[in-house]
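Colleague:
Numbering (mature numbering (1 follows the signal peptide of the UniProt record, and there is no 0)), first residue to last: -26 to -1, 1 to 734.
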């Protein structure tokens, strides 16, 4: 503890400001009507590609008297229409002409949909990479109803991307129907548009794009790992290949390896990455319920950059289709590797390797619930020593009234949160739906009963797992979602809402809290898909989330949750110093022209910040056009590393250099960038100044206040180098450049401060 200081203060008014960068809006795009002169079937067949009659073959139907007002409503091309008009229409290409050769343009597709319907099209700038655009899509602008008498059809314009005109001043846009089989899902294609290039960068984020073409789901981990000062990232490409990139932050260079010998355009297939004890990498992956095994490769070197640096692709498993992969090691069990997949019975399975992935044991169910359609959804984490923790649901939230359960694998047993044994691991599965259920400890209990405290449950809200990590004391901390259908009173999925929760085991029970609005689901057929939330494994008091709610942290209402313009998803960072009871939020992305979803923090980063996320267009788990972006902070220094740097041998309360100040206080001064440790609590005129300690990965600092030196109250606190979080009102407080300025509003009274420092 630093010595108490006495100050007399005058009143102070706190002023907080947030500067948000704005993106300049492009001029109105120039419309190009699709017609027989500029549009044809790809490859020239069939020709003509259209008919005026209803048809179920590969022809489109031309319908006169409909279309955008700007073109005089002079016709559209339809597929999947009523009365037998279903089928798979030919892929089309519309050519924009008269452009400046070599100049970059923003390109759009124009289509129509009846109000309340889901008429969609596919479009792209290359023939083999099309994305689905629907009325409620994330890059789709509704220009209003057409002027056709009695029309209920909306004019929709979707941004496809930026591209350069060729040497002839042309851009080709590729169009297709969606192959739907319902009149509610037909395709009405009207034309394309172009404009000046659209700024798709994220304002305020100057970090590089790490992967130009990649997507992931959140049920495979570790998705990315730091190893030998380089970042290895696993993902699925638009071509369906499962890949790993090595990113070197020192040079900004990336090297990609396409690992999979098979393809499947599906975000479920990204690999789990694990660093073996010999420094080589293990990658495990599976296609989405397509093969009776999972795949794996082991690198031949400790810094793989290309496919030649990886060993042969191998498989393990039989008899059941597989999905997902999660791999963790227990050093206390002879560096045994555990890999968890979905396999037998569509339930979570486990297998172990005692020879660094060369061979694996027979797969065994971990949790069993119901038949093959139930599918508990599991998130795992491991401490690398003697435990693997996991949280799981009853099933998919579209099918089950999901609660969330926690259990730990340790010492050959599966344990409750309090350490009591549920069942030996060798005797699994846990029989979740047995007459006498074998279940983990309940974290969130589903209930349809009315009640007003969403921290306990939301009536009718179904939960889904998102992330689990460890607190500094080894106890688990998790984040999850709860979804409610038609929460805002509408009639379709766009009025569904999703809510984010943070929960931690406090040694005797689970403390959970509703912390943010996720907004609406990502798309209609998966209305439990949120933008995503994760925990920083190095600083478990920090979360990152994606939301398209206008005010994600206005928690007074569950039903009044307005959305951002264009339903845009942005990334936010939240920090708590009180176990999740409250958070301070700051934006990571602002005013983006594309979506930012599924944040993830790789473990072992040792940085003030290390967050990755997907940026781009995500229409479904099989239709995506996303990059992997990231943001990194400066290197943090742990107390132990600092002691080694200084050559000190004592503990945190010792004074190795005999200057009258403890090692811990000197370390706090180092992490704050202050030469004199006594300036941790410094006076600047009438203002008390206290710096943040961003370079620390383990320091807890609590600023306390008293008027009698006997009774102390917490005024502000910082955890793991975070900014100081205000705990109490009644003081004027201003934050600037990582420093906290404090003045009490009790003039002419004695005020004492003290700073308590400890290691977490």
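Ideal Cβ placement from N, Cα and C applies to all residues, glycine included.
1) Excluding the five sequence neighbours on either side, which residues of its own chain have a C-beta within less than 7 angstroms of the C-beta of residue 550, listed in chain order?
2) Please go through the same chain and pick out, in chain order, the residues whose beta-carbon is closer than 7 angstroms to the beta-carbon of residue 106, but skip the five residues on each side of it.
3) Any idea what DSSP makes of residue 255, helix, strand or coil?
4) So within the region 199 to 279, which uninterrupted beta strand (DSSP E) runs reach at least 3 residues, ignoring any that extend past its ends?
5) Quick one: what's residue 667 bridged to in DSSP?
6) Less than 8 angstroms between the C-beta atoms of residue 266 and residue 308, yes or no?
7) How would you label residue 573, buried or exposed, when you count the other beta carbons within 10 angstroms and need 16 or more for buried?
8) Under 7 angstroms Cβ to Cβ from residue 629, same chain only, skipping five residues before and after it: list those, please.
9) Beta-carbon separation of residue 715 and residue 666 under 8 angstroms?
10) Mind checking whether the beta-carbon of residue 284 lies closer than 7 angstroms to any heavy atom of the ligand SAM?
11) Three-state secondary structure (DSSP) at residue 352?
12) Using DSSP bridges, identify the partner residues of residue 561.
13) Go ahead and label residue 367 buried or exposed: buried means 16 or more other beta carbons lie within 10 angstroms of its beta carbon, across all protein chains shown.
14) Going by the CB atoms, is the gap between residue 41 and residue 81 shorter than 8 angstroms?
15) Which partner residues of residue 443 appear in the DSSP bridge assignment?
16) Excluding sequence positions up to five away, which residues of its chain have a Cβ less than 7 angstroms from the Cβ of residue 412?
17) In angstroms, rounded to a whole number, what distance separates the CA positions of residue 68 and residue 124?
18) Inspect the beta-carbon positions of residue 603 and residue 247 and report whether they are closer than 8 angstroms.
19) Can you tell me where the alpha helix (DSSP H) holding residue 638 begins and where it ends?
20) From this set, 650, 693, 726, which residue's C-alpha is nearest residue 685's C-alpha?
21) So, are the CB atoms of residue 86 and residue 24 less than 8 angstroms apart?
22) Which residues does DSSP pair with residue 162 in a beta bridge?
23) Does residue 522 come out as helix, strand or coil in the three-state DSSP assignment?
24) Thinking C-beta only, is residue 494 closer than 8 angstroms to residue 541?
25) Give a yes or no on contact between the region 409 to 424 and the region 377 to 391, applying the rule of three or more CB pairs nearer than 8 angstroms.
26) Looking at the strands, I want to know which residues DSSP matches up with residue 480.
27) In this structure, does DSSP put residue -1 in helix, strand or coil?
28) What residue does the alpha helix (DSSP H) around residue 284 start on, and which one ends it?
29) Relative to the C-alpha of residue 253, which residue among 330, 269, 280 is closest?
30) Using the rule of at least 16 other Cβ atoms within 10 Å of the residue's Cβ for burial, across every protein chain shown, is residue 275 buried or exposed?
31) Please identify the residue among 249, 323, 502, 484 whose C-alpha is closest to the C-alpha of residue 390.
32) Mapping DSSP to helix, strand and coil, what is residue 424?
33) With a CB to CB cut of under 8 angstroms and the five nearest residues on each side skipped, what residues in its chain are close to residue 528?
34) Just curious, the alpha helix (DSSP H) that residue 614 is in, first and last residue?
35) Hey, how far is the Cα of residue 648 from the Cα of residue 654?
36) Closer than 7 angstroms by C-beta to residue 616: which residues in its own chain qualify, once you throw out the five before and the five after it? Chain order, please.
Modeller: Straight from the coordinates:
1) Apart from the 5 residues on each side of it in sequence, residue 550 sits with its Cβ closer than 7 angstroms to the Cβ of 515, 556, 557 in its chain, given in chain order.
2) The residues 94, 96, 152, 593, 594, 597, in chain order, have a CB closer than 7 angstroms to that of residue 106 in the same chain once the five nearest residues on each side in sequence are set aside.
3) DSSP places residue 255 in strand when its eight states are reduced to three.
4) Within the region 199 to 279, the complete beta strand (DSSP E) runs of at least 3 residues are 204 to 210, 216 to 222, 227 to 232, 246 to 249, 255 to 259, 268 to 272.
5) Paired residue(s): none; residue 667 is not in a bridge.
6) The answer is no: Cβ separation not under 8 angstroms.
7) A residue is called buried when at least 16 other Cβ atoms come within 10 angstroms of its Cβ; residue 573 meets this threshold and is buried.
8) Result list for residue 629: 635, 636, 637, in chain order.
9) Between residue 715 and residue 666, the C-beta spacing is not below 8 angstroms.
10) By its list of ligands, the structure shown contains no ligand whatsoever, and the ligand SAM lies outside what it can speak to.
11) The answer is strand: DSSP assigns residue 352 an E or B state.
12) DSSP lists 546 as partners of residue 561.
13) The residue is buried, with at least 16 neighbouring Cβ atoms inside 10 Å.
14) The answer is no: Cβ separation not under 8 angstroms.
15) In the DSSP assignment, residue 443 is bridged to 451.
16) Residues of the same chain with a CB within less than 7 angstroms of the CB of residue 412, apart from the 5 flanking positions on each side, are 396, 397, 404, 405, 406 in chain order.
17) One Cα belongs to residue 68, the other to residue 124, and the distance between them is close to 29 angstroms.
18) Residue 247 sits away from residue 603, with the two beta carbons spaced by 8 angstroms or more.
19) Residues 637 to 645.
20) Ranking 650, 693, 726 by Cα distance to residue 685 puts 726 first.
21) Not a contact, by the Cβ cut-off of 8 angstroms.
22) In the DSSP secondary-structure assignment, residue 162 is bridged to 52.
23) It is coil, neither helix nor strand.
24) Contact annotation: residue 541 and residue 494 have beta-carbon atoms nearer than 8 angstroms.
25) Counting C-beta pairs with one atom in each stretch, the region 409 to 424 and the region 377 to 391 have three or more that are closer than 8 angstroms, which means they touch.
26) Looking at the DSSP assignment, residue 480 forms no beta bridge with any residue, so it has no partner.
27) Note that residue -1 has pLDDT 42, beneath the 50 cutoff, so the model's placement of it is unreliable and no number is given.
28) Per DSSP, residue 284 belongs to no alpha helix (DSSP H) and is neither H nor E.
29) Taking each of 330, 269, 280 in turn and checking the Cα distance to residue 253, the smallest one comes out for 330.
30) Here residue 275 is exposed: its Cβ has fewer than 16 other Cβ atoms, across all protein chains shown, within 10 Å.
31) Looking at the Cα atoms, 484 is the closest of the given residues.
32) Under the three-state reduction of DSSP, residue 424 is assigned to coil, being neither helix nor strand.
33) Excluding five sequence positions before and after residue 528, the CB atoms of its chain that fall closer than 8 angstroms to its own CB belong to 491, given in chain order.
34) Residues 613 to 620.
35) The straight-line gap from Cα to Cα measures roughly 7 angstroms.
36) The beta carbon of residue 616 lies closer than 7 angstroms to those of 641, 644 in the same chain, with the five residues before and after it left out.
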